[in-house]
Amino acid sequence: MTKDILTREMRISRRHTLTLMGGAAVSVAMPSVVRAQAAEIQVHYSMPAIFKEAQDAVMAAFSAKHPEVKATYVNPTPTYEDGAQLLLRNAATNSMPDVSFQGLNRLRMFAERGVAVDLAPLLAKEGDLAKLGYSPAILGLGFHAKVQCGLPFATSNPISYYNATLLKRAGLDPSKFPTTWDQVIVDSQKVRALGDGNDGMFFRWPGDDWMFSALLYGHGGRMLNDAETDVAFNGAEGLAALRLLDRMVKEGGMPNYAGTADLQAFAAGKLGMMFRTTAQVRSIANSVGSNFELGTTIMPVIDAAKGRLPTGGAAAMITAKDPRKLEAAWKFVKFATSAEGTTLMVKNTGYVPCNQIAIDDPSYLGDFYKANPLFQAATRQVHLMVPWYAFPGQNSVRVTQVMVDNLARIVEQKATPEAVLADMATEVRRLIPRQG
Amino acid sequence: MATVTGWGPAFCPWKTPMADVAMQSPAVKAPTARARTLRGDAGIAWLLTLPAILAYCAMILLPLLAVLALAFTDYEFGARSFRWIGFGNFADMLGDRTFSASIRNTVVYCLFVAPLSIGIALGLAVLIEAGARGRAFWRAVFFLPVVSLTVAMATAWQYLLHPSIGPLNALLRVIGAGTPNWLGSSDWVIVSLGFIGVWENVGFNLVLFLAGLTAIPRELYAASEIDGARSGWSKFWLVTWPMLGPTMLFVIIITMTRSIRVFDTVQTLTQGGPNNASEVLLRTIYQEGFHYFRFGYSAAITLVFLVIVLGLMLIQTRLIDRRVHYG
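As structure tokens, then:
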């Protein structure tokens, strides 16, 4: 009896709750009915493993600040490649998201194929760009084929990672990390001398041409000539870059790690020094845990005057052509690349900030860098960053593979730097567009 | 791939057994009745196979025709137009270093994986079949690699074969042998991938062989014993081997096509490197199509791939089928 009443009461109260919830749902839904006039835009990004937290933070802050724009994410793609494919596929079916975050070296392709909206007229309307934090160097990273096709959202550069515990065991002082490659090679030998499967160094040359360009730009070299009609890397700088790679193997005993074997060896405490992108600071720190004392610092300097470093990362690109959507998309892109947006991005990823105001004004990231010294290395090299060169024409991505294949011949010690440089020049020449 | 496997003899709607019977039957004399039966039966046969025909056209035939057409264009993913370039893509292949490396590696990989995985699976199957206990256990043990996710397993292999921290090289170091860079050296990489391929395929072949073995009538062994086949080897050679003919043919075809299709281990472990030393056909197709966006060229390589697979099937069914006695 009592039980029955109880159940009935519960039923009633449940019904009440449901009604209440229904009412709440209606009232929550109301604003969106009112906001039916609000512009809706879709945003796409890649590599959720790295960017999800940052993107979610940016989206939340943007929605709070701009209730008149209803921005939503489409499913993120796992890699930059997948992201580029998605956009090309959508371009073919006319169903592109309005904003897309693409790898910096893919922007050129989208500019050449007319997918990316030129942001120059929008920027012109904004007036003083310095007040928005868009320095010429930052804008340059998104300028390809005479089009301002993107605004950098997250940038990275190569840095040095080291296992301080292992370096100490080899009798080295981690606080005096080598500033020249000659010294890196000498130190590498000392770590190798410990035996027990320990390796001294690994320079992350496979994958793409990015790390090779670090050696080439470091010597002050360039990939192609100014007119982009012929290769320019086959001169003294290119040869010096390849010889340095050769010495890392010959004298430094650099192993030929495939895939992510270098990360595994490093996390296992068997690798002394590792040179790769700063984008992985967070994940490397996580995989190292408390196994050993991890340190990061700037890259060894090759040419103090002419030397530069390549920039990796992603840029925000607009594809919306409809004026209303374009306006909303511009608001989103402007926010994501603002000092506020870049601060959220840095705190959630470890990339280099892409807004001059956030770089200069310590109120944005000062505390963060004090608390996370591992992230500082990359910011100390910002003045050296030049765009990751994107080759012109339809074979732009293919060229990078040709370079990696040729570098493998040096690392495997199957060809001399001279022979490889000549072959690389011939093969790349065949893949760049002929003049006329 | 479904083009090849789905193309079984069972799928022949125009040759229904009913129609054959009707034609051969002397009892049916009136031509009208015969025609009616024929038309009715054939009509029903077509109707029943219609869903399969539609699915085949939509899922296999049309995409195949699209690939065929694409192979003769310079179409690039995302491009607004394309040109017909005849055999241009095929001419490009002749001078393409990556493509020739990919053909060579795929052939080496197949010649390594197919015989080894078939031989080992056959040996194990005979041993397990002969064993009194634990059949289900051993079958499960060897079948495990087949049901496990290759990409996840590849990560385990990457660790096992790691040049400096891998257990395999640690073991080799203890016994004082050399420590090859299994996945990083162009001399070893295809062998290492081959061993992983064998490991993957043995379990699958084993289960097929076990099924084939159980289908052999016991009386044949008894009869062969009466005829003087006493040793295990002569029983195997005189009864098991010939009776396994049809299974063997099937296993050879399956293993060959499976190893030509190798992709996930290469993509996860070596990405075709170093310097194309582990580049294989399917990865080249993927790379050209989805990395370089050269759909036309990728389609042309896909055609070459299809021709190779179809050629293999023809050779195997024509040549080996004749020697399979009880098929």
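These protein sequences, in sequence, are chains A and B.
With the numbering used here as the guide, the letters of the first sequence map in order to residues 43 to 478.
With the numbering used here as the guide, the letters of the second sequence map in order to residues 123 to 449.
Glycine included, each C-beta is placed from N, C-alpha and C at the ideal position.
Being a predicted model, the structure only gives us computed values, none of them experimental.
query = Exposed or buried, what is Gln455 (chain A) when buried is set at 16 or more other beta-carbons lying within 10 Å of its beta-carbon?
reply = Per the 10 Å Cβ criterion, exposed.
key: Inter-residue spacing [alpha-carbon to alpha-carbon] between Gly433 (chain B) and Ile376 (chain B)   = Roughly 14 Å between the two C-alpha positions.
task = State yes or no: is the C-beta of Thr379 (chain A) within less than 8 Å of the C-beta of Asn390 (chain A)?
result = The answer is no: Cβ separation not under 8 Å.
query = Which residues share a DSSP beta bridge with Gly40 (chain A)?
reply = One cannot answer for residue 40 (chain A) here, as it falls past the ends of chain A, which runs 43 to 478.
query = Taking the continuous alpha helix (DSSP H) assigned at Arg285 (chain A), which residues delimit it?
reply = Counted as a single uninterrupted DSSP element, the alpha helix (DSSP H) harbouring Arg285 (chain A) occupies residues Ala278 to Lys292.
message = Taking the straight line between their C-alpha atoms, what separation do you get for Thr387 (chain B) and Pro302 (chain B)?
response = Answer to the nearest angstrom: the Cα atoms are 19 Å apart.
ask   = Can you list, in chain order, the residues of its chain whose CB lies under 6 Å from that of Ser329 (chain A), leaving out five sequence neighbours each side?
value = Non-local C-beta neighbours of Ser329 (chain A) in its own chain, meaning closer than 6 Å and more than five positions away in sequence, comprise Ala309, ordered along the chain.
ask   = Which stretch, first to last residue, makes up the alpha helix (DSSP H) that contains Gln306 (chain A)?
value = First-last of the alpha helix (DSSP H) with Gln306 (chain A): Ala303 to Ala309.
inquiry  = Whole angstroms are fine: how far does the CA of Gly288 (chain B) sit from the CA of Ala162 (chain A)?
reply    = Approximately 53 Å between the Cα atoms of the pair.
inquiry  = Please report the distance separating the alpha-carbon of Gly156 (chain A) from that of Leu149 (chain A).
reply    = When rounded, the distance between both Cα atoms is 11 Å.
query = Can you tell me the Cα-Cα spacing of Phe133 (chain B) and Gln438 (chain B), whole angstroms?
reply = With a pLDDT of 41 at Phe133 (chain B), under the threshold of 50, the modelled position of this residue cannot be trusted; read the value that follows with caution. Between Phe133 (chain B) and Gln438 (chain B), the C-alpha separation is close to 20 Å.
inquiry  = Would Met253 (chain A) and Tyr431 (chain A) qualify as a contact pair, given that the criterion is a beta-carbon distance under 8 Å?
reply    = Met253 (chain A) is not a Cβ neighbour of Tyr431 (chain A), given a cutoff of 8 Å.
key: Residue from A:Ser438, A:Lys167 and A:Val388 whose Cα sits closest to the Cα of Phe415 (chain B)   = The residue with the shortest Cα to Cα distance from Phe415 (chain B) is A:Ser438.
key: Cβ neighbours of Leu238 (chain B) in the same chain (closer than 7 Å, five flanking residues each side left out)   = Around Leu238 (chain B): Val320.
task = Measuring alpha carbon to alpha carbon, tell me which of A:Ser230, A:Gly408 and A:Thr207 ends up nearest Phe317 (chain A).
result = Nearest to Phe317 (chain A) by alpha-carbon distance, out of A:Ser230, A:Gly408 and A:Thr207, is A:Ser230.
task = Quick one: grab the DSSP three-state call for Ile474 (chain A).
result = If DSSP states are grouped into helix, strand and coil, Ile474 (chain A) belongs with coil.
inquiry  = Cβ closer than 7 Å: which chain B residues qualify as neighbours of Arg440 (chain A)?
reply    = Going along chain B in sequence order, the residues near Arg440 (chain A) (Cβ under 7 Å) are Tyr414.
ask   = Is the stretch 140–148 of chain A touching the stretch 353–373 of chain A in the sense that three or more CB pairs, one from each, lie closer than 8 Å?
value = Result yes; three or more Cβ-Cβ pairs closer than 8 Å.
key: Interface partners of Asp241 (chain A) on chain B, CB under 8 Å   = Proximity of chain B to Asp241 (chain A) at the Cβ level (cut-off 8 Å) is accounted for by Ser286, in chain order.
inquiry  = Does chain B have any CB closer than 8 Å to the CB of Asp447 (chain A)?
reply    = Closer than 8 Å to some Cβ of chain B, the Cβ of Asp447 (chain A) qualifies, so yes.
ask   = Going by other Cβ atoms of all chains shown within 10 Å of its Cβ, with 16 needed for buried, is Val273 (chain B) buried or exposed?
value = It is exposed - the Cβ of Val273 (chain B) has fewer than 16 other Cβ atoms within 10 Å.
query = Under a Cβ-count criterion, where at least 16 other Cβ atoms within 10 Å of its own Cβ denotes burial, should Cys179 (chain B) be classed as buried or exposed?
reply = Flag for Cys179 (chain B) reads exposed.
inquiry  = Counting C-beta neighbours from all protein chains within 10 Å, is the total for Phe264 (chain B) 16 or more, i.e. buried, or is it exposed?
reply    = With 16 or more other Cβ atoms within 10 Å, it is buried.
query = Closest by CA to Val402 (chain B), which one among B:Lys357, B:Glu322, B:Gly418 and B:Gly316?
reply = Answer by Cα proximity: B:Gly316.
query = Is there at least one Cβ from chain B nearer than 8 Å to Gly193 (chain A)'s Cβ?
reply = Residue identity differs from the one stated: residue 193 (chain A) is Leu in this sequence, not Gly. No, because no Cβ of chain B sits closer than 8 Å to the Cβ of Leu193 (chain A).
ask   = Taking buried to mean at least 16 other C-beta atoms within 10 Å of its own C-beta, is Met181 (chain B) buried or exposed?
value = By the neighbour-count criterion, in which a residue is buried when 16 or more other Cβ atoms sit within 10 angstroms of its Cβ, Met181 (chain B) is exposed.
task = Express the C-alpha separation of Glu82 (chain A) and Ser105 (chain A) in angstroms, rounding to a whole number.
result = Taking the straight line joining both Cα atoms gives about 12 Å.
key: Spatial distance of Gln322 (chain A) from Gln443 (chain A) (CA atoms)   = About 22 Å.
request  = Please list the partners that Leu305 (chain B) has in chain A, where partner means a Cβ-to-Cβ separation under 8 Å.
outcome  = By Cβ distance, chain A contributes Ala300, Gly301 and Ala303.
query = Going by the beta-carbon positions, is the gap between Leu305 (chain B) and Val311 (chain B) smaller than 8 Å?
reply = Judged by their CB atoms, Leu305 (chain B) and Val311 (chain B) are nearer to each other than the 8 Å cut-off.
query = Can Ala422 (chain B) and Asn227 (chain B) be called in contact, C-beta distance under 8 Å?
reply = The beta carbons of Ala422 (chain B) and Asn227 (chain B) sit no closer together than 8 Å.
key: Chain-order list of residues whose beta-carbon lies under 8 Å from that of Tyr122 (chain A) (same chain, five-residue window excluded)   = Cβ within range, chain order: Ser88, Met89, Gln144, Gly145, Arg148 and Ala356.
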